[in-house]
Amino acid sequence: MARPLKIGITCYPSVGGSGILASELGEELMLRGHEIHFISYERPFRMPVGERVFFHPVVVNSYDLFKYPDYTLPLSVKMAEVSRDRGLDVLHVHYAVPHATAAVLACSMLPVDRRPKVVTTLHGTDTTLLARDPGYGPAIRHALECSDAITTVSDYLRRETQRVLALTRPIDVIHNFFEPHPPRRSRAELRRELGVSENEAMVLHASNLRPLKRIDLLLAAMAQVRPREAWKLVILAGADFAPFMAEVRRLGLAERVIVRERVTDIEDYLQAADLGLFTSDLESFCLSVLELMAFGVPSVATVVGGIPEVVTSGTHGLLVPAGETAAIARAVETLVLDPVRRAALGRAAQPRARELFSAAAIVPRYEELYRRVCAVR
Ligand code: GMT
Numbered sequence: 002m003a004r005p006l007k008i009g010i011t012c013y014p015s016v017g018g019s020g021i022l023a024s025e026l027g028e029e030l031m032l033r034g035h036e037i038h039f040i041s042y043e044r045p046f047r048m049p050v051g052e053r054v055f056f057h058p059v060v061v062n063s064y065d066l067f068k069y070p071d072y073t074l075p076l077s078v079k080m081a082e083v084s085r086d087r088g089l090d091v092l093h094v095h096y097a098v099p100h101a102t103a104a105v106l107a108c109s110m111l112p113v114d115r116r117p118k119v120v121t122t123l124h125g126t127d128t129t130l131l132a133r134d135p136g137y138g139p140a141i142r143h144a145l146e147c148s149d150a151i152t153t154v155s156d157y158l159r160r161e162t163q164r165v166l167a168l169t170r171p172i173d174v175i176h177n178f179f180e181p182h183p184p185r186r187s188r189a190e191l192r193r194e195l196g197v198s199e200n201e202a203m204v205l206h207a208s209n210l211r212p213l214k215r216i217d218l219l220l221a222a223m224a225q226v227r228p229r230e231a232w233k234l235v236i237l238a239g240a241d242f243a244p245f246m247a248e249v250r251r252l253g254l255a256e257r258v259i260v261r262e263r264v265t266d267i268e269d270y271l272q273a274a275d276l277g278l279f280t281s282d283l284e285s286f287c288l289s290v291l292e293l294m295a296f297g298v299p300s301v302a303t304v305v306g307g308i309p310e311v312v313t314s315g316t317h318g319l320l321v322p323a324g325e326t327a328a329i330a331r332a333v334e335t336l337v338l339d340p341v342r343r344a345a346l347g348r349a350a351q352p353r354a355r356e357l358f359s360a361a362a363i364v365p366r367y368e369e370l371y372r373r374v375c376a377v378r
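Heads up: the sequence shown at position 159 corresponds to 160 in my numbering, and the numbers run straight through without jumps.
Okay, structure coming up:
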């Protein structure tokens with residue numbers, strides 16, 4: 002049997018798809034016998050606990066002489082230190098900026114025979130936003146050229162990365178995965194706690210509320226869904242929802258919208274939901290759509306980026322054009338009022354989530370990739 006690997010993982014620790022994916026990957030790799038070293042400025046939000054999991058904090062000091070504090074250099078120093086002291090085989094960085102640059106720099110601080118292999122996973126705006134910025138693009142391109150392997154979370158993101166950065170080297174598409182933990186509370190308990198009756202459809206949205214998630218559109222669309230007594234909108238916010246409350250009140254939705262911030266027991270909410278709603282202008286994958294699919298819950302989502310790789314419209318959910326409030330409202334209303342259709346979409350979505358996007362389907366692809374890069378001398 003192949004020996005277990007020592008894998009460093011760097012990600013943004015705050016609530017966000019890339020950090021969640023990196024943490025879940027760490028957990029799955031640990032369960033498969035590998036030793037995992039998380040390197041970041043804080044413990045990742047869903048970092049697993051286990052004998053073979055370690056956390057190495059990056060300390061960033063602030064100096065009066067700098068207008069902007071720098072994270073890249075202390076991160077690279079910590080990466081080099083952990084790689085050397087723990088004998089890492091692989092440094093797997095999630096989200097290129099600044100993690101891939103720091104990993105490449107860390108390697109150049111180490112003797113050639115002590116350098117881990119660098120695997121960079123692009124998640125979304127590292128390509129679709131930052132790579133287009135002349136102040137970042139060349140540095141991202143350089144870090145990708147120096148990585149031992151590059152992966153993207155969708156085929157859409159692979160094509161975009163090749164196009165925007167004119168990259169010719171191969172990119173492995175390894176889709177995101179989701180492996181649900183057992184819920185702690187029952188569906189009935191959770192709905193009771195939220196104040197959602199069985200006669201109301203529970204529409205769920207989960208995100209970090211950034212402008213591209215189009216919370217404005219989400220609220221405007223829900224305001225058009227009739228009758229209002231037929232649904233409640235539950236928003237799991239990875240950031241402060243307060244700035245949106247005036248709009249909720251202006252649209253007369255105060256009685257229909259329930260907000261929970263920074264929840265950790267995501268599965269409790271997923272199993273209690275009837276429908277997901279995602280109105281983003283762009284998503285390279287949309288992990289939340291997959292999380293709901295894993296519980297047999299379909300979504301209405303915008304047909305952008307990598308979402309069509311996850312959902313076939315009319316089979317596993319409904320996809321609608323981005324920015325079209327009326328079309329989004331119509332799709333939501335159709336499914337709110339038709340529990341039979343909703344259930345049929347959910348029944349088709351669940352096996353798709355398991356067969357294509359579970360840990361069993363995806364994690365071995367990362368392991369193969371690690372073995373492949375480690376085999377290159
Ligand atoms: O790229 C981002 O906006 C950040 C990133 C994150 O950390 O949440 O989101 C991206 O990564 C997720 C996990 O791979 C994907 O599910 C999201 O679709 C993607 N977001 C965008 O592409 C906007």
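For glycine and all other residues, C-beta sits at the position ideal for the given N, C-alpha and C. Small disclaimer: the values here were computed from a predicted structure and weren't measured.
CB contact flag (ALA107, ALA81, <8 Å): Counting from one through the sequence shown, the residue named residue 107 turns up at place 106. Counting from one through the sequence shown, the residue named residue 81 turns up at place 80. Their beta carbons are under 8 Å apart, which means ALA107 touches ALA81 by this criterion.
LEU283: CB within 7 Å of a non-hydrogen atom of the ligand HEM: Only the ligand GMT can be found as ligands here, which leaves the ligand HEM out of the picture.
Limits of the beta strand (DSSP E) - the one that LYS79 falls within: The residue you call residue 79 lines up with position 78 of the sequence shown. Premise fails: LYS79 lies in the alpha helix (DSSP H), 73-87, not in any beta strand (DSSP E).
Between the CA atoms of GLY138 and ARG348 - distance to the nearest angstrom: The sequence position of residue 348 within the sequence shown is 347, counting from 1. The sequence position of residue 138 within the sequence shown is 137, counting from 1. One C-alpha to the other measures close to 42 Å.
Contiguous beta strand (DSSP E) assignments of at least 3 residues, all confined to the region 310-353: 319-321
Whole-angstrom distance between LEU320 and VAL312, CA atom to CA atom: Here residue 312 refers to the residue found at position 311 of the sequence shown. Here residue 320 refers to the residue found at position 319 of the sequence shown. For VAL312 and LEU320, the distance between alpha carbons rounds to 8 Å.
Sufficient close CB pairs (3 or more, under 8 Å) joining the region 87-102 to the region 19-34: yes
Whole-angstrom distance between THR129 and PRO1, CA atom to CA atom: Outside the shown range of the chain, which is 2 to 378, sits residue 1, and nothing can be said about it.
Given 8 Å, three or more beta-carbon pairs between the region 50-69 and the region 28-41: yes
Nonlocal neighbours in the same chain, by C-beta distance under 7 Å from ALA222, ignoring five residues either side: Stepping through the sequence shown from its first residue, residue 222 is reached at position 221. Closer than 7 Å at the Cβ level, and outside the excluded window around ALA222, lie THR280, THR326, ILE329, ALA330 and VAL333.
Beta-carbon spacing of VAL119, ASP149 below 8 Å: The sequence position of residue 119 within the sequence shown is 118, counting from 1. The sequence position of residue 149 within the sequence shown is 148, counting from 1. Yes, the Cβ-Cβ distance between VAL119 and ASP149 is below 8 Å.
Proximity winner among LEU30, LEU158 and ARG188, relative to LEU283 (alpha-carbon distances): What you label residue 283 is simply residue 282 of the sequence shown in a count that begins at 1. Comparing Cα positions, the closest option is LEU158.
Contact test: LEU22 Cβ vs the ligand GMT heavy atom, cutoff 7 Å: Position 21 of the sequence shown holds residue 22. For the ligand GMT, at least one heavy atom lies less than 7 Å from the Cβ of LEU22.
Close-in-space but distant-in-sequence residues of the same chain around SER15 (CB under 6 Å, 5 per side omitted): For the purposes of this step, residue 15 is identified with residue 14 of the sequence shown, where counting begins at 1. Here the set comprises nothing.
Identified DSSP bridge partners for ARG261: Translated into positions along the sequence shown, residue 261 becomes position 260. BP columns for ARG261 point to LEU237.
For GLY18, three-class secondary structure by DSSP: Numbered from its first residue, the sequence shown carries residue 18 at position 17. Residue state, collapsed to three classes: helix.
Distance CB(HIS206)-CB(GLU268) smaller than 8 Å: Here residue 206 is taken as the residue at index 205 of the sequence shown, counted from 1. Here residue 268 is taken as the residue at index 267 of the sequence shown, counted from 1. It is not a contact, given that the beta carbons lie outside the stated cut-off.
Any C-beta of chain B under 8 Å from that of PRO117: Annotation note: the requested chain B is absent from the structure, which comprises a single protein chain.
Distance cut-off 7 Å: TYR367 Cβ against heavy atoms of the ligand GMT: Taking the sequence shown and counting its residues from 1, the one referred to as residue 367 is at position 366. TYR367: no, Cβ never under 7 Å from the ligand GMT.
Contact under 8 Å by Cβ, LEU288 with ARG261: Within the sequence shown, numbered from 1, the residue matching residue 288 stands at position 287. Within the sequence shown, numbered from 1, the residue matching residue 261 stands at position 260. No. Outside cutoff.
Contacting residues, own chain, Cβ-Cβ under 6 Å from ARG142 (five flanking each side not counted): Translated into the one-based positions of the sequence shown, residue 142 becomes position 141. Cβ neighbours of ARG142 beyond the five flanking positions: LEU166.
Secondary structure of LYS68, DSSP reduced to three states: Translated into the one-based positions of the sequence shown, residue 68 becomes position 67. Three-state result, LYS68: coil.
Which of helix, strand or coil DSSP assigns to HIS100: On the sequence shown, position 99 is the one that residue 100 refers to. Here HIS100 sits in helix by DSSP.
Reduced DSSP category for GLY138 - H, G, I as helix; E, B as strand; rest coil: Taking the first residue of the sequence shown as position 1, residue 138 is located at position 137. If DSSP states are grouped into helix, strand and coil, GLY138 belongs with the helices.
Sheet register partners of HIS38 (DSSP bridge): Here the question's residue 38 lines up with position 37 in the sequence shown. According to DSSP, HIS38 bridges with GLY9 and PHE55.
ASN177 CB to nearest heavy atom of the ligand GMT below 7 Å: Locating residue 177 in the sequence shown gives position 176, counting from the first residue. Yes, Cβ of ASN177 sits closer than 7 Å to a heavy atom of the ligand GMT.
Selection from ALA104, TYR64 and VAL113 that minimises the alpha carbon distance to ARG378: Along the sequence shown, one-based indexing puts residue 378 at 377. For the residues ALA104, TYR64 and VAL113, the minimum Cα distance to ARG378 belongs to VAL113.
Sheet register partners of GLY277 (DSSP bridge): Stepping through the sequence shown from its first residue, residue 277 is reached at position 276. DSSP, once it has assigned bridges, lists LEU205 and SER300 as partnering GLY277.
Where LYS214 falls, given that 16 or more other Cβ within 10 Å makes a residue buried: For this step, residue 214 is matched to residue 213 along the sequence shown. Looking at its Cβ environment, which holds 16 or more other Cβ atoms inside 10 Å, LYS214 is buried.
Identity of the residue in PRO309, ARG164, ARG211 and ARG192 nearest ALA274 by Cα: Against the sequence shown, residue 274 aligns to sequence position 273. Answer by Cα proximity: ARG192.
Supposed close pair VAL60, TYR72 - CB separation, criterion 8 Å: Numbered from 1 along the sequence shown, position 59 holds the residue referred to as residue 60. Numbered from 1 along the sequence shown, position 71 holds the residue referred to as residue 72. Wrong, their Cβ atoms sit about 10 Å apart, outside the cutoff.
Proximal residues to GLU29 (C-beta, below 7 Å), its chain only, five neighbours per side dropped: Along the sequence shown, one-based indexing puts residue 29 at 28. The residues are GLU180, ALA360 and VAL364.
Same chain, Cβ closer than 8 Å to GLU43, five either side skipped, listed in chain order: As a working mapping, residue 43 is identified with position 42 in the sequence shown. Taken in chain order, the residues that qualify are PRO14, SER15 and PRO58.
Three-state secondary structure assigned by DSSP to VAL60: Counted from its first residue, the sequence shown places residue 60 at position 59. DSSP places VAL60 in coil when its eight states are reduced to three.
Range of the contiguous beta strand (DSSP E) that encloses THR152: Residue numbering aside, residue 152 sits at position 151 when the sequence shown is read from its first letter. THR152 -> beta strand (DSSP E) spans 150-153.
Per-residue DSSP class, three states only, for THR162: Position 161 of the sequence shown, counted from the start, is the residue given in the question as residue 162. The answer is helix: DSSP assigns THR162 an H, G or I state.
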